[in-house]
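This report refers to the structure that appears directly beneath it.
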Amino acid sequence: MGRFWAIFFILAAVVTVGFSAIGPEFRWWFPGDGLAHSTLGKKIDDLFYLILIIVSVTYVGTHIVLGYVLWRGAGIQKSDKVWFSHGSHALEVIWTIVPSGILLFIAFYQMDVWRNYRVKAYFPKKTAAVAEVTARQFEWRIRYPAPGKILQPRPQPDDIYTVNDIRVPAGQPVSISLRSDDVQHAIFVPGLRVKQDAVPGLVIPVWFEVTDTGTYDMVCAELCGWGHYKMKAQVVASSEEEFEAWKVNAAKEQSYDGVPQTPEAVAAKADDE
Amino acid sequence: MSTVTPDVGHPGAGGHDHDSHGHHGHGHAEPSPLSLLWQLPTFSCDHKVIGLQFLITTLMMLMVGGALALGVRWQLAFPWERMPILGDTVFKADGGQIAPETYTMLVTMHASVMIFLVIIPILAGAFGNFLIPLQIGADDMAFPTLNMLSYWFMWPAIACFGASFFFGGGPAGGWTSYPLLSALQQAAPGSGMAQTLWLVGLTLIGVSSMMGSVNYMTTIINMRAPGMTLFRMPLTIWSMFITAILQAFALPVLTAAGFMLVADRTLGTCFFIPSGIVVNNAAPTVGGGQPLLWQHLFWFYSHPAVYIMLLPAMGMVSDMLACMSRKPIFGYKPMVYSMAAIAGLGFIVWGHHMFTSGMNPALGMTFMVSTILIALPSAVKTFNWLGTMWGGRLQFNAVMLNCIAFVSMFIIGGLSGIFMAAVPVDIYIHDTYFIVAHFHYVIFGATLFGCFGAIQFWFPKMFGRMMNDTLGQIHFAITFIAFNCTFFPMHLLGVAGFPRRYADPYHFPYLEHLLPLNQFMTIAAIIMGFAQFLLLANFFGSMFFGKRCGRNPWNANGLEWTTPSPPGHGNFDIPPVCYHGPYEYSSPLSHDNDFLPQTEYVPLAQRQAIAQAGH
Chain A
1130 MGRFWAIFFI
1140 LAAVVTVGFS
1150 AIGPEFRWWF
1160 PGDGLAHSTL
1170 GKKIDDLFYL
1180 ILIIVSVTYV
1190 GTHIVLGYVL
1200 WRGAGIQKSD
1210 KVWFSHGSHA
1220 LEVIWTIVPS
1230 GILLFIAFYQ
1240 MDVWRNYRVK
1250 AYFPKKTAAV
1260 AEVTARQFEW
1270 RIRYPAPGKI
1280 LQPRPQPDDI
1290 YTVNDIRVPA
1300 GQPVSISLRS
1310 DDVQHAIFVP
1320 GLRVKQDAVP
1330 GLVIPVWFEV
1340 TDTGTYDMVC
1350 AELCGWGHYK
1360 MKAQVVASSE
1370 EEFEAWKVNA
1380 AKEQSYDGVP
1390 QTPEAVAAKA
1400 DDE
Chain B
680 MSTVTPDVGH
690 PGAGGHDHDS
700 HGHHGHGHAE
710 PSPLSLLWQL
720 PTFSCDHKVI
730 GLQFLITTLM
740 MLMVGGALAL
750 GVRWQLAFPW
760 ERMPILGDTV
770 FKADGGQIAP
780 ETYTMLVTMH
790 ASVMIFLVII
800 PILAGAFGNF
810 LIPLQIGADD
820 MAFPTLNMLS
830 YWFMWPAIAC
840 FGASFFFGGG
850 PAGGWTSYPL
860 LSALQQAAPG
870 SGMAQTLWLV
880 GLTLIGVSSM
890 MGSVNYMTTI
900 INMRAPGMTL
910 FRMPLTIWSM
920 FITAILQAFA
930 LPVLTAAGFM
940 LVADRTLGTC
950 FFIPSGIVVN
960 NAAPTVGGGQ
970 PLLWQHLFWF
980 YSHPAVYIML
990 LPAMGMVSDM
1000 LACMSRKPIF
1010 GYKPMVYSMA
1020 AIAGLGFIVW
1030 GHHMFTSGMN
1040 PALGMTFMVS
1050 TILIALPSAV
1060 KTFNWLGTMW
1070 GGRLQFNAVM
1080 LNCIAFVSMF
1090 IIGGLSGIFM
1100 AAVPVDIYIH
1110 DTYFIVAHFH
1120 YVIFGATLFG
1130 CFGAIQFWFP
1140 KMFGRMMNDT
1150 LGQIHFAITF
1160 IAFNCTFFPM
1170 HLLGVAGFPR
1180 RYADPYHFPY
1190 LEHLLPLNQF
1200 MTIAAIIMGF
1210 AQFLLLANFF
1220 GSMFFGKRCG
1230 RNPWNANGLE
1240 WTTPSPPGHG
1250 NFDIPPVCYH
1260 GPYEYSSPLS
1270 HDNDFLPQTE
1280 YVPLAQRQAI
1290 AQAGH
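So the protein sequences, as listed, match chains A and B. Taking our numbering, I'd label the letters of the first sequence as residues 1130 to 1402. Taking our numbering, I'd label the letters of the second sequence as residues 680 to 1294.
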């Protein structure tokens, strides 16, 4: 029976590795085409794959040892002598120092990506503040400055508003100010590898640079009540010209009041002023 | 050391088969196997009875928590479809569906029950109580009455949790209860009375844990048998000791935070509530508080709590692995030091739950380094477990299988933790199913498998009978396979960006194709849930029909195996004196046996002779 269980545990490890290997085939892997579509996202993916390699080697290595130990242990009979040992100082030193070197490498190797992502002093120099995103139960309200103006901390009369639809220009670093009106929420754009909590009482700047134009799904990643699952939104990245054109058009649409602009009406208005 | 005569029951038939050492009184009658069981409904101050009370309560709660989990799994596999059994009774008002607020309640209460009513009390409460005095050679805990109260304080807590279901559908703020969802009564249907009851229940469990931890520390420091030096203590005791310290220092913070949140909710204080917040058209909040404060306070307890949920299992598995490998534990002292290191580092890693929370990014860097470093003592422990099994004569019984599963699953759970510790990667996988996979591998895959092993290992000491090993192996195989089928795919779901706590993720186009995989996982989860009835049947059936056994059925070394099974009041009929460490299996000092009980004295001359022969 011992040999059976040794094979059982070896098989379990083999199946988990195999299952992970076929994951991308069934799109049980990074969403969409599997690639990150932002500059930081690409770096995050690189780090992910680096850790994945280290971890996989460790996993396979420890399970080869485990399998060997079980297989061998199952064959030792009552009459056989077992290896009477209280441990080995040399081994302890080795398996303390080697992993600590690897772990510290992982830790310090990540630092600059984190710094660039979150520390304000290291944000890209020309980051355009595109919009303020305010989360509430259960939608995202987005406030853009009028065409040609810059985003003010307080709402302005000519601001443009959208709901659940964040428009940004691609190919340049942009930032959004993240707020919450009620409870805690979090923006999560899987395709861009962007995630940040929206904390009531705080305004948190989030920057990213979308590399490819397109539409990216956006979800809420912090439990915010019964409708947490339905805060469906999208990030639309377009070329800068298209973005500006959209803004002009959106400003026009937003201020449209349906009153026909006849020459008489325009003249009367001019008289009033 | 008192020498109370054990409870006189039926003389044990064949109870001394394995006790070839004959250094205890053969004149004593073995106590009735069920002598502890009959004391369960009493306010007993006997640590063994209290341990058993905790064990049986937590096993019941395990089934409750499991049922809640199956509710969650049902919705993820068959969203909005009529739920079997409960759909026609509990959820009739919703047409048999799980409503979204019910779903968030299920998620919240599954976690709360499993963490606060199962894992923490089964480790510290059940095994801590049962094993500490027995393994260190004491006749009871230092404060028996306090000990009794620590169990009975569980019940008001269970009542609070239970009652909370009847207010607004139950608390639904997640087990972390982040404000403002948990601070403002109008924030969600479950944020009213239910949330208050939840917080009160949590505080009561804290009181219960605190009474236990004070007791454990005092008992372990003061009441060890003669010869039981600190470095002759079984690793179970070390782990319980370190856990008790963790609890004693971390719990007050959670209790304080709990009171602050209750005050915010009921007295109108604003510890966690900033100004000008409008929820569901209620009046704007007055404010001045900061929601992040709760996260810091909560995780300052709840991260050490993760180790409270793991360390005792590590200790018990070390004991069982050594015994079932018939070999000393590999690197006893590194094992102790690494547990201490985990506990020490455990206090400075709480911020890794908050990498995306908006706290100062410089903190993110320090927390990343400390978090990644905590993998080191965990790795050392894993290597030592492998070293313990290396070259041993492995006994492949249900106890051993669960321990091997512990090691194997802990490797997966530990390695997946590295992804999260790395902050940039955590930005992506935070609050996705990757996290869910990670902590289920640690808390279920490691801790609970360790507990399954421990139940079967120490059952003979509780009831003087063995649990059925074949049934135990079947239970193990089904649980292990179904566990991996349920939780391993969650890693891949997480990488696919599948968010946590979603009542219906499939209306997002990028998640649609993950439904079949979730259905597979749910089927596995259902199988796993029902397999636990095998454990219960084995546990309760063996109390009455299990094979009778003597004092030391496993040929183990610990002091607990020198007592009658079950031990009578006062535990030891022969006052124990300890001469060795607990892991002298296959020692050349033990003449024809492959074990050397801690109480067996080996004369100096013999030790010298063997030492010389060895060189």
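Ideal Cβ positions, reconstructed from N, Cα and C, are used throughout, including at glycine.
Please return the same chain residues whose Cβ sits closer than 7 Å to the Cβ of Leu715(B), not counting the five positions on each side in sequence.
So the qualifying residues of the chain are Lys727, Val728, Leu731, Met1141 and Pro1245.
So, do the segment 1145-1160 of chain B and the segment 1073-1087 of chain B have three or more beta carbon pairs nearer to each other than 8 Å?
Touching, yes, given that three or more Cβ pairs across the two stretches are closer than 8 Å.
I'd like to check one pair, Ala862(B) with Leu940(B): are the Cβ atoms closer than 8 Å?
Their beta carbons are under 8 Å apart, which means Leu940(B) touches Ala862(B) by this criterion.
Give me the subset of the segment 1183-1205 of chain A whose CB atoms are less than 8 Å from a CB atom of chain B, sorted by chain position.
If the cut-off is 8 Å between Cβ atoms, the segment 1183-1205 of chain A has Ile1183, Val1184, Thr1187, Tyr1188, Thr1191, His1192, Val1194, Leu1195, Val1198, Leu1199, Arg1201, Gly1202, Ala1203 and Ile1205 near chain B.
Buried or exposed: which applies to Asp1400(A), given that a residue is buried once 16 or more other Cβ atoms fall within 10 Å of its Cβ?
When all chains shown are included, Asp1400(A) counts as exposed.
Three Cβ pairs or more, each shorter than 8 Å: is that satisfied between the segment 922-933 of chain B and the segment 853-861 of chain B?
No: fewer than three Cβ pairs fall under 8 Å.
First and last residue of the beta strand (DSSP E) that includes Val1297(A)?
Note, Val1297(A): beta strand (DSSP E), Asp1294 to Pro1298.
Between Thr1168(A), Val1227(A) and Leu1232(A), which has its C-alpha nearest Leu1052(B)'s C-alpha?
Minimum Cα distance to Leu1052(B) is reached at Leu1232(A).
With a Cβ-Cβ cutoff of 8 Å, do Gly1096(B) and Ala1058(B) count as a contact?
No, the Cβ-Cβ distance between Gly1096(B) and Ala1058(B) is not below 8 Å.
For the putative contact between Trp1336(A) and Ser1309(A), defined by C-beta atoms under 8 Å, what is the C-beta separation to the nearest angstrom?
Rounded, the Cβ-Cβ distance is 19 Å, inconsistent with contact.
Pick helix, strand or coil for Trp1269(A), following the three-state DSSP scheme.
Looking at Trp1269(A) - three-state DSSP - the assignment turns out to be strand.
In the DSSP assignment, the alpha helix (DSSP H) including Phe840(B) goes from what residue to what residue?
Note, Phe840(B): alpha helix (DSSP H), Met833 to Ser843.
Determine the direct distance from the alpha carbon of Ile798(B) to that of Thr922(B), and round the result to whole angstroms.
If I take the Cα positions, the gap works out to 13 Å.
Please report how far the alpha carbon of His703(B) lies from the alpha carbon of Trp1240(B), in whole angstroms.
Confidence in His703(B) is poor, its pLDDT being 44 and thus under 50, which makes the residue's placement unreliable; the coordinate value appears in the next sentence. Rounded to whole angstroms, His703(B) to Trp1240(B) spans 11 Å at the Cα level.
Just verifying my parser: in three-state terms, what is the DSSP assignment at Tyr1345(A)?
Three-state result, Tyr1345(A): strand.
Kindly give me the distance between the Cβ atoms of Ala756(B) and Gln1277(B), rounded to whole angstroms, as I take these residues to be in contact under 8 Å.
With a Cβ gap of about 51 Å, Ala756(B) and Gln1277(B) do not count as contacting.
Could you check the C-alpha separation between Phe822(B) and Leu1238(B) for me, to the nearest Å?
Going by the C-alpha atoms only, they are around 21 Å apart.
Between which two residues does the beta strand (DSSP E) holding Val1312(A) run?
Counting along the chain, Val1312(A) falls outside any beta strand (DSSP E), and DSSP gives it neither H nor E.
So, Thr787(B) versus Trp1355(A), is the Cβ gap smaller than 8 Å?
It is not a contact, given that the beta carbons lie outside the stated cut-off.
For the segment 1157-1175 of chain B, enumerate the residues whose C-beta is nearer than 9 Å to any C-beta of chain A, in chain order.
Answer in chain order: Phe1159, Ile1160, Asn1163, Phe1167, Pro1168, His1170, Leu1171, Leu1172, Val1174 and Ala1175.
For the putative contact between Phe1213(A) and Ser1265(B), defined by C-beta atoms under 8 Å, what is the C-beta separation to the nearest angstrom?
Phe1213(A) to Ser1265(B), Cβ: 5 Å. Contact.
Starting from the Cα of Phe1372(A), find the closest Cα among Gly1387(A), Cys1353(A), Lys1359(A) and Thr1342(A) and give me that residue.
The residue with the shortest Cα to Cα distance from Phe1372(A) is Thr1342(A).
Leaving out five residues on either side along the sequence, give the residues of the same chain with a beta carbon under 7 Å from the beta carbon of Met740(B).
Cβ neighbours of Met740(B) beyond the five flanking positions: Val792, Leu796 and Val797.
Excluding the 5 residues flanking Val1364(A) on each side, which residues of the same chain have their C-beta closer than 6 Å to its C-beta?
Cβ within range, chain order: Ile1295, Val1318, Tyr1345 and Met1347.
What are the start and end residues of the beta strand (DSSP E) that includes Gln926(B)?
First-last for Gln926(B): Leu914 to Thr945, but that is the alpha helix (DSSP H), not the beta strand (DSSP E).
What does Val996(B) reach in chain A if we use C-beta pairs closer than 9 Å?
Under the 9 Å cutoff, chain A gives no residues; its nearest Cβ is about 14 Å from Val996(B).
Does the Cβ of Gly1230(A) lie closer than 7 Å to at least one heavy atom of the ligand NAP?
Although the ligand NAP was asked about, the structure shown includes no ligands whatsoever.
Return the residues of the segment 964-976 of chain B that lie within a Cβ-Cβ distance of less than 7 Å from chain A, sorted by chain order.
Within the segment 964-976 of chain B, the qualifying residues are Gln969, Pro970 and Leu971.
Counting only beta-carbon separations shorter than 8 Å, does His1357(A) have a partner in chain B?
Yes, contact with chain B.
Answer yes or no: does any C-beta atom of chain B fall closer than 8 Å to that of Thr1145(A)?
With 8 Å as the cut-off, Thr1145(A) counts as an interface residue toward chain B.
Thinking C-beta only, is Asn1250(B) closer than 8 Å to Thr1242(B)?
For Thr1242(B) and Asn1250(B), yes; Cβs fall inside 8 Å.
Given a cut-off of 8 Å on the beta-carbon distance, is the pair Ile1106(B) and Phe1098(B) in contact?
No, these two residues do not count as a Cβ contact at 8 Å.
Can you pull the chain B neighbours of Met1240(A), defined as C-beta to C-beta under 8 Å?
The answer, in chain order, is Met1044 and Met1047.
Rounded to whole angstroms, what's the CA-CA distance from Phe1177(A) to Phe1123(B)? Just pull it up for me.
Phe1177(A) and Phe1123(B): Cα-Cα distance of roughly 25 Å.
Does DSSP classify Thr1291(A) as helix, strand or coil?
Note: Thr1291(A) maps to strand in three-state DSSP.
Helix, strand or coil: which one does DSSP assign to Phe846(B)?
In this structure, Phe846(B) counts as coil in the three-state DSSP scheme.
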